[in-house]
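Below is one structure, written out as structure tokens; comments come after it.
In the working numbering, the protein residues as written are 2 to 574.
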């Protein structure tokens, strides 16, 4: 079904004309409501009027009413000017219009965007674009004859073109000086017509099988952004890319790419993001990119970095996740502005000590490596707030670890810890602690000393007993203990008034105390796969509970009190 979507916006109007505005709005709403209730067709009209913020919608006007509706709103705008004494601003967004419809613009010079979806066998909708003085965005999808659309190049303020499956683009018969942004999707080759857009600043290509960019891309001297998303067939950047002196961002996701050395000539480049591109090495002179702030090389085949990378003095974020890197350059301390470093899922066997000289580092990711211990030098990272060391071979934390007082989030899951890391208790600002999948057997009494901890995950360890102090953590909201060897829950836990989520599934718990009703903020309680025979009636006293899972226990029949418990999802089988 073909649709036309019309959105109309009006500005706030002086209060002196309140009566006129009220009468006008009342009549307008009456007409709109009448149309909405009595017509089922193919036009959608969405808009707010005279400063209202809530949109009204009319759905389903038949195509023969398109001209009438547009004429109607033209009169509405004229009336608004006459009665309200102001100029009405309009945003008209026409979508999915029938190919045989003719839309005269009347006074609709406020149309700012067109989104056309026309069958390839159809002709273009005959819209007089050259009259639309405020037109800014043209989008066409599957429009086989979009090339015949007349006079698009006459639209003086049009800034954006978007195409999907439109080849060839002979709509661009000549340079359109006002176009600054082009987005193309699902193309099989690079449309050379784009090279005529002398003022183009942004080029976005997505879900395409384009293999390369032409050498002539260098003609687009105003280009600031090149983005190729999900471009699995992409294999080559031209050597001429180094001539794009204004390029600030280069983003490529997918393909099998060899980087040309000329990429190091992009002296204005601030963001270089090459994801899943099978890159096995970087140009030796990558350090020439003096303005680079973001370097993202996730999911590639890098084994090492060139030494010149330490010359990227403005670098703030470096992501090398999912590569095969074992060592880093020694002079990492030269990266004085580095605040984010992701080295996850590489092949580090030792903690790369050189990063401890990056004193401004706030986030460090080293998960999924083979690191066995942490050096004492890590204590130099006094600005560190987020430390992710999950899925390594770490057995303990170094002495003095509690000196990292700025830590807000710490992940040690999937390591070889056999004791609870007591140093973490002294981290005054620690909010989140992951200890899942270790070998911890005992939880110490000192747990109650946490002052800001809100999230604690100790699931899949070997814990058989908890201390009462766990209920004394004043800020604890989420506690995960599933997959341990617990026989019961300590009485002190029931005193926690902050706990909202408690998951203790896959343990050996046989009883739950009626004191659970004291956990007044509990929203989610999962005690599946334990040894419960009954459910305490006191559960009904939990006013905020929304999820209760008692499945996999020894409960033969769900008590009547828990059947049809309004607002609560109860799982018991």
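Think of the CB as a built atom: it goes at the ideal place given N, C-alpha and C, for glycine as much as any other residue.
Minimum C-alpha distance to residue 317 - residue among 324, 303, 297 and 406: 297
In its own chain, which residues sit with a C-beta less than 6 Å from the C-beta of residue 245, not counting the 5 before and 5 after it? 224
DSSP state of residue 432 mapped onto helix, strand, coil: coil
Quick one: what does DSSP say residue 332 is sitting in, helix, strand or coil? coil
Less than 9 Å separating the beta-carbons of residue 487 and residue 500? no
Here's the rule: buried if 16 or more other CB atoms are within 10 angstroms of the residue's CB, otherwise exposed. What is residue 265? buried
Helix, strand or coil for residue 262, going by three-state DSSP, please let me know. helix
Distance CB(residue 471)-CB(residue 477) smaller than 9 Å: yes
Would you identify the three-state DSSP class for residue 364, choosing helix, strand or coil? strand
How would you label residue 572, buried or exposed, when you count the other beta carbons within 10 angstroms and need 16 or more for buried? exposed
Going by DSSP in three states, residue 218 sits in which element: helix, strand or coil? In the three-state reduction of the DSSP assignment, residue 218 falls in the helix class.
Taking a contact to mean a Cβ-Cβ separation below 9 Å, would you say residue 484 touches residue 508 in this structure? yes
Short check: CB of residue 511 to CB of residue 482, under 9 Å? In this structure, residue 482 does not lie closer than 9 Å to residue 511 by Cβ.
Cβ neighbour criterion (16 or more within 10 Å) applied to residue 1: The chain is shown only over 2 to 574; residue 1 falls outside these bounds and no answer can be derived.
If we ignore side chains and look at the alpha-carbon of each, how far apart do residue 574 and residue 306 end up? Cα to Cα, residue 574 sits roughly 54 Å from residue 306.
Pick helix, strand or coil for residue 583, following the three-state DSSP scheme. Because the chain in this structure spans residues 2 to 574, residue 583 falls outside the shown range and cannot be described.
When the Cα atoms are used, what is the spatial distance from residue 503 to residue 559? 21 Å
Which residues does DSSP list as the beta-bridge partners of residue 550? Paired residue(s): 527 and 572.
Check whether the stretch 326-336 touches the stretch 277-288, taking contact to mean three or more Cβ pairs, one atom from each stretch, closer than 8 Å. no
Just to confirm my understanding: we take residue 378, look at its own chain, exclude 5 residues before and 5 after, and list those with CB closer than 7 Å. What are they? 354 and 357
Per DSSP, which one or two residues make a beta bridge with residue 458? 435 and 481
Range covered by the beta strand (DSSP E) that runs through residue 252: 250-254
Out of 396, 399, 231 and 212, point me to the one whose CA is closest to residue 239's CA. 212
Taking 6 Å as the limit between beta carbons, can you name the residues of its chain near residue 312, skipping five residues before and five after? For residue 312, the CB contacts under 6 Å within the same chain, skipping 5 residues up- and downstream, are 288 in chain order.
Cα-Cα separation, residue 424 to residue 489: 27 Å
Among the candidates 233, 295 and 278, whose CA atom is the shortest distance from the CA of residue 272? 295
On a CA-only basis, which of 300, 333, 336 and 339 is nearest residue 323? Give me that one, please. 300
Which residues does DSSP list as the beta-bridge partners of residue 341? Answer by DSSP bridge pairing, in chain order: 318 and 364.
Closest by CA to residue 545, which one among 531, 529, 517 and 561? Residue 517 is the option with its Cα nearest to residue 545.
Could you tell me the alpha carbon to alpha carbon distance between residue 220 and residue 196, rounded to whole angstroms? 7 Å
For residue 76, which residues from the same chain have a beta carbon less than 6 Å from its beta carbon, with the 5 sequence-adjacent residues on both sides left out? With a pLDDT of 44 at residue 76, under the threshold of 50, the modelled position of this residue cannot be trusted, and the question is left open.
In the DSSP output, what is residue 203 paired with across the bridge? 182 and 226
What do you get for residue 134, buried or exposed, if any count of 16 or more other CB atoms within 10 angstroms of its CB means buried? Low local confidence applies: a pLDDT of 44 at residue 134 is under 50, so the model's placement there is unreliable, and no value is given.
Within 10 Å of its beta-carbon, does residue 415 have 16 or more other beta-carbons around it, so buried, or fewer, so exposed? buried
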